[in-house]
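**Student:** Take the position in the sequence shown, starting the count at 1, then add 530; the result is the number in my numbering.
Where a beta carbon is used, it is the ideal one built from N, C-alpha and C, also for glycine.
Quick one: the structure is below, questions incoming.
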Amino acid sequence: MSESDPHHLHQPSVPNARDAVRALRPSQIREVANAGFGVDDVLPFWFGESDRVTPAFIRDAASAALAGGATFYTHNLGIAPLRAALADYVGELHGATSSDHIAVTSAGVNALMLAAQLVVGAGDRVVAVTPLWPNLVEIPKILGAHVETVALDYGERGWQLDIERLLAALTPGTRMLLVNSPNNPTGWVMRRDEQRAVLAHCRRHGIWIVADEVYERLYYADAAPAANGVAARTAPSFLDLASRDERVICVNSFSKAWLMTGWRLGWIVAPSVLMDDLGKLIEYNTSCAPAFVQQAGIAAVQQGEPFTRELVHDLKASRDHLVHALSTVPGVDVKAPPGAMYLFFSMPGATRSLELCKAMVREVGLGVAPGSAFGPQGEGFVRWCYACDTARLDAGVERLKQFLAHAGAAR
Ligand SMILES: Cc1ncc(COP(=O)(O)O)c(C=O)c1O
């Protein structure tokens with residue numbers, strides 16, 4: 531259309547968002563949930579959260595903070611007592627850490643965005659280990675980065691990383707590696723020797739490691755018992771190996787270990803030299819996490835250890851219960867993963883997992899997430915969050931059997 535074209539004046543272009551934003555993938559989990567609208571009785575196992583409320587001692591701390599007037603802006607990096615409490619918590623799990631390395635964020639997803647904003651820009655090359663919770667892959671794309679993926683392999687021993695393939699993908703000039711361990715959706719946990727190899731390689735090439743460790747406490751140590759026989763309190767972390775002042779940014783959250791999904795509170799461990807810049811980014815994103823929520827966070831990290839241990843014990847029992855129940859279903863191939871709170875398994879029809887999950891919610895009210903929601907490498911699988919009581923898991927398995935029997939009869 532030329533400037534002289536009269537239509538030019540009367541047909542302004544459609545007010546679109548930027549191309550990078552329009553190209554983002556919408557959530558397929560949402561798509562399945564939408565297919566369930568109008569179905570009265572859905573058993574939802576599709577989202578990554580427990581069916582239990584946040585423990586009372588944390589809710590009480592928030593109420594007390596509100597009653598005490600904690601309603602104002604705080605420092606961009608978080609209130610000093612919470613940063614100190616987090617430094618102690620991280621230090622106890624992963625070795626000495628000071629408050630200067632801690633920034634409080636508005637939950638894990640905001641921490642991931644901030645980490646990406648800190649280090650990647652348009653045209654940068656990012657590598658991510660997949661299948662993966664879609665937010666990690668999509669966030670760098672918002673900033674104009676290219677994301678390449680290295681897929682885990684599924685076999686007899688469950689999900690495994692081909693470390694040589696990952697190192698080969700981390701070519702010089704790569705800006706950032708994204709690793710989520712324990713992993714959503716597979717429950718895969720990166721081994722210590724793999725972390726060591728990745729860290730050495732990334733050090734050599736100046737590649738940033740962004741480690742999403744929001745499930746670090748949801749670790750069922752039977753896959754790798756500690757030398758002293760005591761159950762490990764946390765999955766292997768890059769923080770165990772890296773110094774606090776190198777190119778490693780660790781993202782964490784209150785959502786999973788203390789059941790605080792709706793509170794939107796998380797944190798970042800990063801080199802102290804980044805903190806001024808991180809503070810600016812927080813200022814321009816959210817300015818700070820809510821003051822009374824931060825106060826509740828102090829209660830969680832300082833008093834929450836018995837709760838978290840019991841939670842992990844219960845989740846492990848739920849995992850084992852569901853693995854056992856699903857293994858009795860013909861055509862289902864399921865293994866117990868060492869971390870997180872999901873089973874990611876194959877079943878008849880899962881090669882078209884989105885259609886399968888929509889049909890299951892419509893026909894029998896069973897809500898699970900399609901593997902394809904976690905990238906093309908997830909196709910062929912479905913994800914089931916087992917963070918609920920075993921009676922509900924049993925009811926879900928009955929529905930799965932019902933669906934498969936019906937699908938079989940229809941063939
Ligand atoms: C791998 C992973 N990282 C980060 C998050 C962020 O959680 P939140 O934003 O609730 O802290 C989630 C949530 O499910 C997740 O699965």
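So the beta strand (DSSP E) T701 belongs to, where does it begin and stop?
**Tutor:** It is not in any beta strand (DSSP E) - T701 carries neither H nor E in the DSSP assignment.
**Student:** Considering only residues of the stretch 678–741, which uninterrupted alpha helix (DSSP H) runs meet the minimum length of 4 residues and lie entirely inside it, listed in chain order?
**Tutor:** Listed in chain order, the complete alpha helix (DSSP H) runs (minimum 4 residues) inside the stretch 678–741 are 693–699, 722–735.
**Student:** Work out the CA separation of A597 and A550 for me, nearest whole Å.
**Tutor:** Cα to Cα, A550 sits roughly 44 Å from A597.
**Student:** G796: beta carbon under 7 Å from a heavy atom of ligand 1?
**Tutor:** Checking the Cβ of G796 against ligand 1 gives yes.
**Student:** The beta strand (DSSP E) spanning R655 covers which residue range?
**Tutor:** Its beta strand (DSSP E) spans residues 655–660.
**Student:** Check whether the Cβ atoms of V778 and Y749 sit closer than 8 Å, and answer yes or no.
**Tutor:** Contact: no.
**Student:** State yes or no: is the C-beta of C887 within less than 8 Å of the C-beta of V912?
**Tutor:** Yes, the Cβ-Cβ distance between C887 and V912 is below 8 Å.
**Student:** Looking at V740 and A675, is the spacing between their C-beta atoms short of 8 Å?
**Tutor:** Result no, Cβ atoms of A675 and V740 do not sit closer than 8 Å.
**Student:** Please classify T764: does DSSP put it in a helix, a strand, or coil?
**Tutor:** Three-state DSSP puts T764 in coil, outside helix and strand.
**Student:** Given E909, which residues of its chain have a CB within under 7 Å of its CB, disregarding the five upstream and five downstream residues?
**Tutor:** Within the same chain, E909 has close Cβ partners T881, S883, G901, S902.
**Student:** Note down, in chain order, each residue of its chain lying with its Cβ closer than 7 Å to the Cβ of V891, except the 5 sequence neighbours on either side.
**Tutor:** Cβ within range, chain order: V562, A565, G566, V569, V572, G897.
**Student:** Among all the DSSP beta bridges, which residues are the ones paired with N782?
**Tutor:** Answer is W797, bridged to N782.
**Student:** Beta-carbon within less than 8 Å of H624's beta-carbon, same chain only, minus the 5 sequence neighbours each way: which residues are those?
**Tutor:** Contacts found: T764, S767, L769, D770.
**Student:** Which residue's Cα is closest to the Cα of N714: I828, F784, A592, V744?
**Tutor:** Ranking I828, F784, A592, V744 by Cα distance to N714 puts V744 first.
**Student:** Does DSSP put I559 in a helix, a strand or coil?
**Tutor:** Three-state DSSP puts I559 in a helix.
**Student:** If you reduce the DSSP assignment to three classes, tell me which class C887 lands in.
**Tutor:** Of the three classes helix, strand and coil, the one that applies to C887 here is helix, per DSSP.
**Student:** Would you call S785 buried or exposed, if buried means 16 or more other Cβ atoms sit within 10 Å of its Cβ?
**Tutor:** The residue in question, S785, is buried, as its Cβ has 16 or more Cβ neighbours within 10 Å.
**Student:** On a CA-only basis, which of A633, A681, Y619, M877 is nearest E694? Give me that one, please.
**Tutor:** Minimum Cα distance to E694 is reached at A681.
**Student:** Where does P906 sit, in a helix, a strand or coil, going by DSSP?
**Tutor:** P906 falls in the helix class under three-state DSSP.
**Student:** Applying the 10 Å Cβ sphere with the 16-neighbour rule, what's the burial state of E813?
**Tutor:** E813 is exposed by the Cβ-count criterion.
**Student:** Spatial neighbours of N815 within its chain, please: C-beta separation below 6 Å, excluding the five flanking residues on both sides.
**Tutor:** None.
**Student:** What is the rounded straight-line gap between the Cα of T701 and the Cα of V709?
**Tutor:** Spanning the two alpha carbons is a distance of roughly 16 Å.
**Student:** Under a Cβ-count criterion, where at least 16 other Cβ atoms within 10 Å of its own Cβ denotes burial, should G792 be classed as buried or exposed?
**Tutor:** With fewer than 16 other Cβ atoms within 10 Å, it is exposed.
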